[in-house]
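*Asks:* One point on numbering: in this note's numbering, the residue at position 92 of the sequence shown is 97, and numbering is uninterrupted. Ideal Cβ placement from N, Cα and C applies to all residues, glycine included.
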Amino acid sequence: MISMFGSSGRLAVSLIFAFVSVFILCEYVIYYPVIMRCSWPHIETEDSHSPLRALFLSDTHLLGAIRGHWLDKLRREWQMERAFQTSLWLLNPEVVFILGDVFDEGKWSSSQDWEDDVRRFKRIFRHSSDTKLVVLIGNHDIGFHNEMTKQKLERFEQVFNVTSARILTIRGVNFLLVNSVALHGDHCPICQRVEEELHKLSHALNCSFQVIKIIDIIVSSVTVIIEFIFLTITSFFFFFFFSRRVDEKYAFLENGKRLSWGQLAKDRPRRCLTDM
Numbered sequence: 006m007i008s009m010f011g012s013s014g015r016l017a018v019s020l021i022f023a024f025v026s027v028f029i030l031c032e033y034v035i036y037y038p039v040i041m042r043c044s045w046p047h048i049e050t051e052d053s054h055s056p057l058r059a060l061f062l063s064d065t066h067l068l069g070a071i072r073g074h075w076l077d078k079l080r081r082e083w084q085m086e087r088a089f090q091t092s093l094w095l096l097n098p099e100v101v102f103i104l105g106d107v108f109d110e111g112k113w114s115s116s117q118d119w120e121d122d123v124r125r126f127k128r129i130f131r132h133s134s135d136t137k138l139v140v141l142i143g144n145h146d147i148g149f150h151n152e153m154t155k156q157k158l159e160r161f162e163q164v165f166n167v168t169s170a171r172i173l174t175i176r177g178v179n180f181l182l183v184n185s186v187a188l189h190g191d192h193c194p195i196c197q198r199v200e201e202e203l204h205k206l207s208h209a210l211n212c213s214f215q216v217i218k219i220i221d222i223i224v225s226s227v228t229v230i231i232e233f234i235f236l237t238i239t240s241f242f243f244f245f246f247f248s249r250r251v252d253e254k255y256a257f258l259e260n261g262k263r264l265s266w267g268q269l270a271k272d273r274p275r276r277c278l279t280d281m
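1) Closest to residue 88 by CA distance: which of 115, 35 and 50 is it?
2) Are residue 136 and residue 67 touching if we call contact CB-CB under 9 Å?
3) For the ligand NAP, is there any heavy atom lying closer than 8 Å to the beta carbon of residue 142?
4) Applying the criterion that 16 or more other CB atoms from any shown protein chain within 10 Å of the CB defines a buried residue, is residue 170 buried or exposed?
5) Using only alpha-carbon positions, find the residue among 122, 38, 149 and 96 that is nearest to residue 185.
6) Does the distance from the CB of residue 40 to the CB of residue 86 come in under 9 Å?
7) With DSSP run on the structure shown, which of helix, strand or coil describes residue 7?
8) Within the same chain, show all residues whose beta-carbon is closer than 7 Å to that of residue 61, passing over the 5 residues directly before and after it, in chain order.
9) State the start and end residues of the unbroken beta strand (DSSP E) segment that holds residue 181.
10) In terms of DSSP beta bridges, what is residue 174 paired with?
11) Taking DSSP's pairing of strands, which residues face residue 103 in a bridge?
12) Got a sec? Which residues, its chain only, sit under 6 Å from residue 259 by beta carbon, not counting five neighbours each side?
13) Pick from 37, 175 and 200: whose alpha carbon is nearest that of residue 183?
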């Protein structure tokens with residue numbers, strides 16, 4: 006009897022040990038060998054400036070109170086948290102961009118649900134002061150153009166300290182960040198404000214290019230590396246399709262004109278890129 010109990014006890018301990026080992030492997034350890042396969046590209050530089058390490062994410066779609074099941078939330082958010090935290094530890098990026106659709110139901114969330122979603126986001130994507138986290142607006146965060154309201158836009162901007170159009174400069178690299186949902190071009194109040202801000206930013210960038218050209222002419226006879234040139238390198242980021250073929254179910258007619266629905270009209274990104 007004692008011998009059988011001892012064997013059963015050893016079997017139980019072995020099963021528990023195996024279960025715990027598999028759990029640790031699948032829920033913690035597995036992320037390290039996978040993410041260790043990623044590395045920063047090696048870039049030769051002629052000066053002491055090291056390349057900026059930037060990590061880009063998109064469409065995290067944290068589930069909300071309406072369509073999200075608690076078990077689905079738990080599983081997804083755990084995996085997302087472990088992947089993100091492991092990436093920070095191994096890759097040590099200087100800046101992380103999340104290019105929109107942070108939440109799945111931001112366009113529908115009540116104030117209470119919104120606060121809960123934000124709390125979970127901050128837990129998952131926590132980071133040290135050495136890493137800057139930059140979040141852009143997506144259509145699921147504030148709604149498509151027809152669903153976007155001032156209240157939804159302002160609560161997102163306040164939480165993530167963003168505006169609908171701005172230039173972020175990190176170590177001499179300019180990033181142009183734009184709320185693409187407001188690029189509809191129908192001169193609604195929000196769209197009008199974003200377009201005005203874009204024109205101001207465009208003017209500022211064009212002026213900086215002119216200054217560089219003048220300096221370049223002055224020192225053209227001398228071999229000089231002008232560090233100001235680094236300030237004119239601009240990356241243009243926003244969340245959305247540039248354009249796509251419009252399905253019948255995504256479009257409707259008003260006064261004989263086809264309207265874009267859930268996408269940018271083809272001329273909008275081209276106009277933005279031309280202005281910049």
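*Replies:* In short:
1) Nearest Cα to residue 88 within the set 115, 35 and 50: 35.
2) Taking 9 Å as the cut-off, the Cβ atoms of residue 136 and residue 67 do not count as close.
3) With respect to the ligand NAP, the structure offers nothing, as it holds no ligand at all.
4) With 16 or more Cβ atoms within 10 Å of its Cβ, residue 170 is classed as buried.
5) The option with the nearest alpha carbon to residue 185 is 149.
6) Going by C-beta atoms, residue 40 is not nearer than 9 Å to residue 86.
7) Low confidence applies to residue 7: its pLDDT is 47, below 50, so where it sits in the model is not reliable enough to give any reading.
8) Closer than 7 Å at the Cβ level, and outside the excluded window around residue 61, lie 102 and 104.
9) Annotation: the continuous beta strand (DSSP E) that includes residue 181 extends over 178 to 183.
10) Residue pairing by DSSP places residue 174 opposite 179 in a beta bridge.
11) As computed with DSSP, residue 103 is found in a beta bridge with 62 and 140.
12) Below a pLDDT of 50, predicted positions are generally treated as unreliable, and residue 259, at 46, falls in that range; the measurement from the model is reported next regardless. Excluding positions up to five away in sequence, the list is empty.
13) Comparing Cα positions, the closest option is 200.
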